[in-house]
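Residue numbers (this note's numbering): 1 to 137.
Heads up, the beta-carbon is just placed ideally off N, CA and C, and yes, glycines get one too.
Only one structure is covered here, and it is reproduced in the block below.
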Amino acid sequence: LSARVAIATGKIRLHRETLDLISNEQIAKGNVFATACVAAIQAAKQTAHLIPLCHTLPLGEVKVEIVMSNDHAEVKCTARTVAQTGVEMEALTGVTVALLTIYDMCKAVDHNMVISDVHLLEKRKQAVRSVKSGVME
């Protein structure tokens with residue numbers, strides 16, 4: 001088993017007016033970024049059900065950050081696990097579903113949104129010591 005971390009990111013281009021509505025919590029469907037964070041975590045946990053041949057992993061953490069700029073919002077998702085396989089698909093799924101959630105919640109006020117630049121920023125793997133039969137390996 002190895003400790004594994006993956007960080008993915010993506011962007012959604014929005015009108016400045018839409019970003020202002022999000023900031024002021026004036027989107028009819030509710031708090032956009034809070035909902036997108038919850039959606040990302042739920043999606044990361046369901047990755048193996050969504051993507052064929054993807055292993056079910058015990059996620060230790062899914063962290064979501066959303067930062068606004070003048071013309072877009074950027075989502076970053078960090079996923080952690082201790083497993084035999086990497087956790088990058090969970091991070092990428094989290095980012096993608098967060099962006100789709102933002103799109104869904106804002107589509108009534110912004111008809112020109114563009115989702116882009118979804119990619120893996122980083123993945124790390126570190127060996128973990130295990131205890132078997134009372135002997136530390």
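- Using a Cβ distance threshold of 7 Å, Lys11 and His72 count as a contacting pair.
- In the displayed model, Ser23 falls within a helix according to three-state DSSP.
- Proximity to Met89 across Leu14, Cys77 and Ala36 peaks at Cys77, based on C-alpha coordinates.
- For Thr93, the secondary structure class from DSSP, reduced to helix, strand or coil, is helix.
- 7 Å or more divides the Cβ of Val62 from the Cβ of Val75.
- Around Leu92, the same chain offers Ala8 as residues with beta carbons nearer than 6 Å, after the five sequence neighbours per side are excluded.
- Counting along the chain, the unbroken alpha helix (DSSP H) around His49 starts and ends at Thr47 to Leu50.
- Distance from the CA atom of Ala48 to the CA atom of Arg124, rounded to whole angstroms, is 20 Å.
- In the assembly as shown, Arg129 is an exposed residue. Its beta-carbon has fewer than 16 other beta-carbons within 10 Å.
- Judged by beta-carbon spacing, Ala127 lies within the 7 Å limit of Ser2, meaning their Cβ atoms are closer than that value.
- Around the beta carbon of Leu53, a 10 Å sphere encloses fewer than 16 other beta carbons of the protein chains shown; the residue is thus reported as exposed.
- Considered as a whole, the segment 52–132 harbours 88–106 as its complete alpha helix (DSSP H) runs of no fewer than 4 residues, in chain order.
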